[in-house]
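In the numbering used here, the protein residues as written are 1 to 95. Each remark here refers to the structure printed beneath this line.
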Amino acid sequence: MALKALGKINKIEIYAIAIPFIRPFKIASGPYGDKAEYALVRLQTSEGVEGWGEASPVPAFSKIGQEEVLKELNAVAELLKNQELNVNMLHKRIR
């Protein structure tokens, strides 16, 4: 069964958001902080396909924070611009 062409990636938007907690809370490793930080990614193709992705760096569990995640996402976005949306090929290219 042939898949419909998904088109070329023609738009990638990256958003940094922080959602403040009503009150700070603790996890097993210690205080979590006063907000949750996320990176949202919106991808669109020339054929009208749209997708959203999310990354939620948690410094308590990871050595990188939102700033580093945004830097990496912007670098990957440059690699993906004008590429055909072929999930298998893109996964190999990103790695």
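Each residue gets a CB set at the ideal place from its N, CA and C atoms; glycine is no exception.
With 16 or more other Cβ atoms from the protein chains shown falling within 10 Å of its own Cβ, V69 counts as buried. The alpha-carbon of A39 is positioned some 14 Å away from that of A75. Partner residues in the beta bridge of F25, as assigned by DSSP, are G33. If the five residues before and after E37 are omitted, its C-beta is found closer than 6 Å to the C-beta atoms of A18 and Q66, all from its own chain and listed in chain order.
Residue range E50 to A55 is occupied by the beta strand (DSSP E) that includes E54. Counting along the chain, no alpha helix (DSSP H) covers N82, and no H or E run does either. Rounded to the nearest angstrom, the Cβ distance from Q83 to K8 is 7 Å, consistent with a contact under 8 Å. Looking from the CA of Y32, the closest CA among N86, V49, F61 and S46 belongs to F61. Distance from the CA of L6 to the CA of V87, rounded to the nearest whole angstrom, comes to 10 Å.
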